[in-house]
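Colleague: As numbered in the working numbering, the sequence shown has no gaps in its residue numbers, which increase by one up to the final residue, 1212.
Here it is: the structure, laid out below.
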Amino acid sequence: MIQEGLKNVTSGANPVGLRQGIDKAVKVAVEALHENSQKVENKNEIAQVGAISAADEEIGRYISEAMEKVGNDGVITIEESNGLNTELEVVEGMQFDRGYQSPYMVTDSDKMVAELERPYILVTDKKSLLSKISYLY
């Protein structure tokens, strides 16, 4: 939609009018989704939706079990595996897939992971040298 919109603007279309049209289309689409949606209320219904989406009843059961464990506000990540078994792993807290700054941060050398309890986390949009960051308490 973005690429087609840019093509239209490049061809001389009014960007404000195009934006208004997109907003109207989104509103109509959202209303249609609300009208046609059905509330999924229990574990069996979640398993049915998961089974239909994955075309596999076993995966549907795993999705239902995962939803039950993490709740409505939890996050479910599905990853492809090289193994033959399907498994469900629940990770409490936060998980970052970016790795660690130094191999010295590894707490479990067998799994090569850094599992920290109550860590201090700095989130910034600026590049910083560790030596320039003062200790905050």
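Note that the Cβ used here is the ideal one computed from N, Cα and C, for glycine as well.
The structure presented is a predicted model; accordingly, all values stated were derived computationally and were not measured.
Of all Cβ atoms in chain C, is any one closer than 9 angstroms to the Cβ of ALA1088?
Modeller: The chain labelled as chain C is not found in the depicted structure, where only one protein chain is given.
Colleague: Kindly give me the distance between the Cβ atoms of GLU1143 and LEU1163, rounded to whole angstroms, as I take these residues to be in contact under 8 angstroms.
Modeller: Numbered from 1 along the sequence shown, position 68 holds the residue referred to as residue 1143. Numbered from 1 along the sequence shown, position 88 holds the residue referred to as residue 1163. Not a contact, Cβ separation roughly 10 angstroms.
Colleague: Does DSSP put VAL1188 in a helix, in a strand, or in coil?
Modeller: Walking along the sequence shown from the start, residue 1188 turns up at place 113. Strand, per DSSP.
Colleague: Return the bridge partner residues of ASP1183 from the DSSP annotation.
Modeller: Locating residue 1183 in the sequence shown gives position 108, counting from the first residue. Answer is VAL1188, bridged to ASP1183.
Colleague: Alpha helix (DSSP H) containing ARG1094: first to last residue?
Modeller: On the sequence shown, position 19 is the one that residue 1094 refers to. From DSSP, the alpha helix (DSSP H) with ARG1094 extends over 1090–1111.
Colleague: Tell me which same chain residues have a C-beta within less than 7 angstroms of the C-beta of PRO1090, skipping the five on either side of it?
Modeller: The residue given as residue 1090 occupies position 15 in the sequence shown. If we look at PRO1090 and ignore the five residues flanking it on each side, its Cβ neighbours are VAL1084.
Colleague: What residue ranges within the segment 1104–1164 form continuous alpha helix (DSSP H) runs of no fewer than 4 residues, ordered along the chain?
Modeller: As far as the segment 1104–1164 is concerned, its whole alpha helix (DSSP H) runs of at least 4 residues are 1118–1129 and 1132–1145.
Colleague: What do you get for TYR1137, buried or exposed, if any count of 16 or more other CB atoms within 10 angstroms of its CB means buried?
Modeller: Sequence index remark: in the sequence shown, residue 1137 carries index 62 (1-based). Buried, since its Cβ has 16 or more Cβ neighbours within 10 Å.
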